[in-house]
Structures are given as C-alpha cells and as structure tokens.
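One structure is given below, encoded as structure tokens.
Protein chains: 2
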Amino acid sequence: MNSQEENILKSLPHKTIERLSQYRRALLFCFDEGKTHIFSHEIARILHITPVQVRRDLMLIGYSGTLRKGYNIQELIDLISTIIDSHEVMNVAIVGMGDLGRALVNYVKGKRHKLAIVAGFDNNPDKIGTVVADIPCYSIERLSKMIREKNIQIGIISVPRSYTTDIAAKLVEAGIKGILNFTPKPVNVPDHIYLEEYDMLTSLEKVAFYVKVSQEKEKSE
Amino acid sequence: MNSQEENILKSLPHKTIERLSQYRRALLFCFDEGKTHIFSHEIARILHITPVQVRRDLMLIGYSGTLRKGYNIQELIDLISTIIDSHEVMNVAIVGMGDLGRALVNYVKGKRHKLAIVAGFDNNPDKIGTVVADIPCYSIERLSKMIREKNIQIGIISVPRSYTTDIAAKLVEAGIKGILNFTPKPVNVPDHIYLEEYDMLTSLEKVAFYVKVSQEKEKSE
DNA sequence: TATTCATTGTTAATTAAATAACAATACAAA
DNA sequence: TTTGTATTGTTATTTAATTAACAATGAATA
C-alpha cells in the first residue's frame, strides 16, 4: 500500500468507517441472495440512511458505480474489504467466556476471513482447558504468554465489571494493539492502543428515553 | 411534567442523552465508593471526554455544581434519573434467549428501577416454560398476547439473523413502542417506533481498522 | 484584607457530519 | 433523432457536535 492510499484511509471520517462495515455486511447478504448490482437508494433503505450519504461515502473511498445500473456488489465488497480489513489475518482474544463471550465467538466465527478469534480466557476452572465454540479456553494466568505466542492484536473484554481494570492492564502489558470493552467499567489505556467501549445498558436506556418522550408528547396532544 | 420541561427533553442532543446514561452509570459507582462530590474533570477522565463537554451537558439539563467543590453526586444522579427515566417502570421483553439474550438479562437485571425485563421469548422447546435468569421464557407464539398483557413497551431482538424480520414484524404488530435490535439484519419499522440497532461485528471491525492503520503508520516511519 | 487559584457556567468559534443542490450522463421512450 | 428520466458524483450549504475562550466566583493563602 502506497502512502497516498494510506492518507485516504487516515482521512476517512470515523462514521464512514462504521458505515463501510455496515455496507459490506448488507452487500454480502445481497450477494448471497444472487443480486449483482445495487443502487445507492437500496443500500440507504436497508441501513436507514440517505442515498446521498451512501454515494458520498463511496466517493470518499474512490468507488464509481454505473449510471442507471448502480454499484457492482462483488466489486464494492472487495474494495471495502481492502480498505477496512488488514492484509494479514488479525488475531483476536476474548477475555471472559460467559454468556456474552460465547455469543460473540459464535457470532463472529467464520464470518470474516481477516478476523480470527483464536483464544478465550476465563478464570472458571470448568472452562479452562476446554474448547468453547471451537476456540480453546485458557486460564487468565496464561493471557500474557498466549497473546505474544499467538500474535493476538485485539482483545475483547467481556468479564464481570470488577475484573475489567485488571484485565485491561494485563492486555496492555501483553502488548495488545486494540481493545473492545463490553463491560460497564470504562478503562484507561495508553494512546497508542485503540479503544472502543460499548455498554448495552446505555442503548437500552436511550430507547427507553425516546419511548418516554414520545409518550409524553402523545399525552400532551 | 410541564411543557417547558418537555421541551428541554426534546431539545437535548442525542449524544447528550447517551452521555447522561454514562454519567449516571459512572456516578452510581462513585457513590457506592463513598464519594459525595465530583469535579467535571474527574467525570471526563473516567469517560474519556473533555471537562467542557461534561459541563456543557450539565448546563443543558440545568444542573449547577458548587464552585471548587464540584457536583453533588447524589443530586446529579437524581436529576439525570428524572430526565432519562420514565415515570412508571418500563417493561422490556427479550426475544431470543440464547447466549446474548441471557447475557443481557443478567446484566440489566436489578440495575435500573425503571427498567424491568419481564419476559423472554424463544422457539426452543427446552427453554419454553422455564425461568431463565429469573425471567419466564415463553413461546414466540405467545409474544403478541404477552406484550399486551404485561404492558411491554420495549423489545430487544437477540435471535439468529434469519428470524429478525419476522420478530420485528410481530413486535410492531403487538404495539411495541421501541426496539433494540442486536442482530446483523437491519429492520424496518414505522416512524412512531423508536429503533436502535447495534452490531458487535461493526465495533470489532472498527477496532481492527484503526489497529491496521496505526500499524501501517508505524511501518512507514 | 488582598491576592491567587481552581473551578464552574456560558457564549463564541471550530470541526465534523449530514444534507441539499445540481451538473453529467446514459438509457428509455417518443 | 430528440426528449425525458433515473441515477451517479461532487461541490456547496446546513446542521450537529465539540472545543476554545473567558468571565464569574468563592475558597485558600499570603
């Protein structure tokens, strides 16, 4: 990859990166259904956004469709993949093989060629040494060693809240490059590590809030 | 609630709503640790945002702290609660009691007074009729009936992708007010229903992307 | 008592994101 | 062949979100 292409990557808005992932996801399903081409307004409709937004994002990544025929799904999937996927397979570890950890493994498993969940960690003796959803589960004590050995670059934290800080520290110490934290406890990591945090309860509370607001609006009418 | 207060609610930026939920979450933990007051820069540090952002959000909801003493944690928790919580308890159903559904129930259970997960639905005969994580699990066939009977206003979808569309339609038909969709299949719902969608894979791909970019930057240096 | 300082609250400025506007074009229909 | 139309690609505009700037203030300190 030359430096011009690199600069395109770095200049892509964060929101566009998210949407590229969503575009690809939707396109893959369309492809499976036998479609070969798709219009911007079709993509937009699937993802609840505007056609302009779609076209603008595709412009940013330098993809051109065909007038009146739309975008070639296969081509677009491939282009998005060269942009958001790493060149080599990126190895991922999940720390915390409870319900959420297993849900994640089963969902991600086999879906993306360039993302491989290669290890799970837990402190439950019943799980250590077993294979959960096709991936081996190790003791937390072996976390640092396995991360180095298996060249794991991304760590997903799905442990109970009280363990979060400790696990994050261990991941950082082991040289992880990116962390996805699903616990309600925000973590602090050095600047060179990319951190993404998501709390399901915040999403639920957001829904509850807007439901409440719409109900109050109804009442006052 | 008078119409002036209503207007404040409606004018709050979407991002502020999300942060209010995060503020409260962080404040509750601080409160449990025995703290009584907190500075804007402390909240900011916990949530990886700026102190100005915190102060601005609190200004928007009309809360004033004490100079050099910070914000009263208890007061702030209460105020945020009056803003984002509904007056009456809001009932929630989870459709799909697999790993993700159970993770959600266990996580949300007992955490928020105004949010109650009161029913789970699944099509697995082994689960139907049982109690999973303290909530009863019903057959999908009874979904519509139960939603009306139990006055359920929010539905969380955590089923396999292929069932998503059908479940969403059932929820809409049953008169649900808000939907939180955790499946990778976006759903279409009428305008009066608030919809929030989240795909864990997109978060993971985002982390992978930024890890990749930072690595390429390193290489080129 | 006067001065310094840390902190809040608020307006102004900036940046990021989304939307609107519209030219270009190729296909279809007349 | 001409006209109309649907669609792309791109620039301009608007809106939303964040950040900067700074006045106000009251506690701590000299």
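The listed protein sequences correspond, in order, to chains F and L.
First residue of the first sequence? That's 1 in this note's numbering, and the numbers climb one at a time after it.
First residue of the second sequence? That's 1001 in this note's numbering, and the numbers climb one at a time after it.
Cβ coordinates follow ideal geometry from the N, Cα and C atoms, glycine included.
Predicted, not measured: the structure shown is a model, and the values here were computed from it.
Problem set entry | Sub-9 Å separation of residue 29 of chain F and residue 104 of chain F beta-carbons | As a first step, residue 29 of chain F is located in the first sequence; it is residue number 29 there, counting from the start. As a first step, residue 104 of chain F is located in the first sequence; it is residue number 104 there, counting from the start. No.
Problem set entry | Contact residues within the segment 1119-1151 of chain L, judged by C-beta distance below 8 Å to chain F | Answer set for the segment 1119-1151 of chain L: empty.
For this session: Determine which residues share a DSSP beta bridge with residue 82 of chain F and list them.
Result: Here the question's residue 82 of chain F lines up with position 82 in the first sequence. In the DSSP output, where bridge partners are listed per residue, residue 82 of chain F has none listed.
Problem set entry | chain F residues whose Cβ lies nearer than 7 Å to that of residue 1209 of chain L | For the purposes of this step, residue 1209 of chain L is taken as the residue at position 209 of the second sequence. By Cβ distance, chain F contributes 17 and 84.
Problem set entry | Validate contact between the segment 1204-1216 of chain L and the segment 112-126 of chain F using beta carbons, cut 8 Å, 3 pairs | Verdict: yes, contact present.
For this session: Grab me the residues of residue 1196 of chain L's own chain with a C-beta within less than 6 Å of its C-beta, minus the 5 sequence neighbours each way, in chain order.
Result: Locating residue 1196 of chain L in the second sequence gives position 196, counting from the first residue. The beta carbon of residue 1196 of chain L lies closer than 6 Å to those of 1180 in the same chain, with the five residues before and after it left out.
For this session: Check the Cβ-Cβ distances between residue 13 of chain F and every residue of chain L, and say whether any is below 9 Å.
Result: Within the first sequence, the letter at position 13 stands for residue 13 of chain F. It does not: the Cβ of residue 13 of chain F has no partner Cβ on chain L nearer than 9 Å.
For this session: With 9 Å as the threshold, decide whether the Cβ of residue 1194 of chain L is near any Cβ in chain F.
Result: Position 194 of the second sequence, counted from the first residue, corresponds to residue 1194 of chain L. Answer yes: the Cβ-Cβ gap between residue 1194 of chain L and chain F drops below 9 Å somewhere.
For this session: Can you tell me which of the three DSSP states residue 1202 of chain L falls into?
Result: Along the second sequence, read from residue 1 onward, the residue named residue 1202 of chain L stands at position 202. Residue 1202 of chain L: helix per DSSP, three-state reduction.
Problem set entry | Exposed unless 16 or more other CB atoms sit within 10 angstroms - verdict on residue 1169 of chain L | Locating residue 1169 of chain L in the second sequence gives position 169, counting from the first residue. Its Cβ having fewer than 16 others within 10 Å, residue 1169 of chain L is exposed.
For this session: Would you kindly work out how many angstroms separate the C-alpha atoms of residue 1132 of chain L and residue 1144 of chain L, rounded to a whole number?
Result: By one-based count along the second sequence, residue 1132 of chain L stands at place 132. By one-based count along the second sequence, residue 1144 of chain L stands at place 144. Rounded to the nearest angstrom, the two C-alpha atoms are 20 Å apart.
Exercise. On the premise that residue 1023 of chain L lies in contact with residue 1043 of chain L, defined as a C-beta separation below 8 Å, what is that separation, rounded to the nearest angstrom?
Worked result: Numbered from its first residue, the second sequence carries residue 1043 of chain L at position 43. Numbered from its first residue, the second sequence carries residue 1023 of chain L at position 23. Contact between residue 1043 of chain L and residue 1023 of chain L holds: their C-beta atoms lie close to 6 Å from each other, under 8 Å.
Problem set entry | Run of the alpha helix (DSSP H) containing residue 1033 of chain L, from where it starts to where it stops | Counting from 1 along the second sequence, the entry for residue 1033 of chain L is found at position 33. Element bounds for residue 1033 of chain L: n/a, residue is neither H nor E.
For this session: Could you check what DSSP says for residue 1088 of chain L in three-state terms: helix, strand or coil?
Result: What you label residue 1088 of chain L is simply residue 88 of the second sequence in a count that begins at 1. Residue state, collapsed to three classes: coil.
Exercise. So with Cβ pairs under 9 Å, would you call residue 98 of chain F a contact of chain L?
Worked result: By 1-based counting over the first sequence, the position of residue 98 of chain F is 98. Taking 9 Å as the threshold, the shortest C-beta distance from residue 98 of chain F to chain L falls below it.
Problem set entry | Under 9 Å between C-beta atoms of residue 95 of chain F and residue 121 of chain F | Mapped onto the first sequence, residue 95 of chain F falls at position 95. Mapped onto the first sequence, residue 121 of chain F falls at position 121. Closer than 9 Å, so yes.
Exercise. Exposed or buried, which one is residue 220 of chain F when buried takes at least 16 other CB atoms within 10 Å?
Worked result: As a position in the first sequence, residue 220 of chain F is number 220, starting the count at 1. With a 10 Å radius around the Cβ and a threshold of 16 neighbouring Cβ atoms, residue 220 of chain F comes out exposed.
Problem set entry | Pairwise C-alpha distance: residue 1074 of chain L and residue 1055 of chain L | Taking the first residue of the second sequence as 1, we reach residue 1055 of chain L at position 55. Taking the first residue of the second sequence as 1, we reach residue 1074 of chain L at position 74. When the Cα atoms are used, residue 1055 of chain L and residue 1074 of chain L turn out to be separated by approximately 17 Å.
Problem set entry | C-beta neighbour in chain L for residue 202 of chain F, strict 9 Å | Residue numbering aside, residue 202 of chain F sits at position 202 when the first sequence is read from its first letter. Yes, residue 202 of chain F counts as interfacial toward chain L.
Problem set entry | Inter-residue spacing [alpha-carbon to alpha-carbon] between residue 59 of chain F and residue 17 of chain F | Translated into positions along the first sequence, residue 59 of chain F becomes position 59. Translated into positions along the first sequence, residue 17 of chain F becomes position 17. Taking the straight line from one Cα to the other gives about 13 Å.
Problem set entry | Beta-carbon contacts of residue 139 of chain F that lie in its chain and below 6 Å, excluding the five residues immediately before and after | Position 139 of the first sequence, counting from 1, holds the residue named residue 139 of chain F. Cβ neighbours of residue 139 of chain F beyond the five flanking positions: 128.
Exercise. In the DSSP assignment, what are the bridge partners of residue 188 of chain F?
Worked result: In the first sequence, residue 188 of chain F corresponds to position 188, counting from 1. DSSP lists no partner for residue 188 of chain F.
Exercise. Taking the alpha-carbon positions, what's the residue 1194 of chain L to residue 1137 of chain L distance?
Worked result: Residue 1194 of chain L sits at position 194 when you count from the first residue of the second sequence. Residue 1137 of chain L sits at position 137 when you count from the first residue of the second sequence. Distance between residue 1194 of chain L and residue 1137 of chain L, taken at the CA atoms: about 24 Å.
For this session: Taking residue 163 of chain F as the query, report the chain L residues whose CB atoms sit under 8 Å from its CB, ordered along the chain.
Result: Here residue 163 of chain F refers to the residue found at position 163 when the first sequence is read from its first residue. Correct list: empty, because the minimum Cβ distance to chain L is about 14 Å.
For this session: Tell me, please, whether the CB atom of residue 1178 of chain L is closer than 9 Å to any CB atom in chain F?
Result: In the second sequence, the residue the question calls residue 1178 of chain L occupies position 178. Yes, residue 1178 of chain L counts as interfacial toward chain F.
Exercise. From the beta carbon of residue 22 of chain F, is the nearest beta carbon of chain L less than 9 Å away?
Worked result: Translated into the one-based positions of the first sequence, residue 22 of chain F becomes position 22. It does; some Cβ of chain L falls within 9 Å.
Problem set entry | Three-way DSSP call (helix, strand, coil) for residue 180 of chain F in this model | Within the first sequence, residue 180 of chain F is the residue found at index 180, counting from 1. In the structure shown, residue 180 of chain F sits in a strand (DSSP, three-state: E or B).
For this session: Specify, as a first and last residue, the run of the beta strand (DSSP E) that residue 1156 of chain L falls within.
Result: For the purposes of this step, residue 1156 of chain L is taken as the residue at position 156 of the second sequence. Where residue 1156 of chain L is concerned, the enclosing beta strand (DSSP E) starts and stops at 1152-1157.
For this session: Going by CA-CA distance only, name the one from F:202, F:212 and F:161 that's closest to residue 187 of chain F.
Result: As a position in the first sequence, residue 187 of chain F is number 187, starting the count at 1. The option with the nearest alpha carbon to residue 187 of chain F is F:161.
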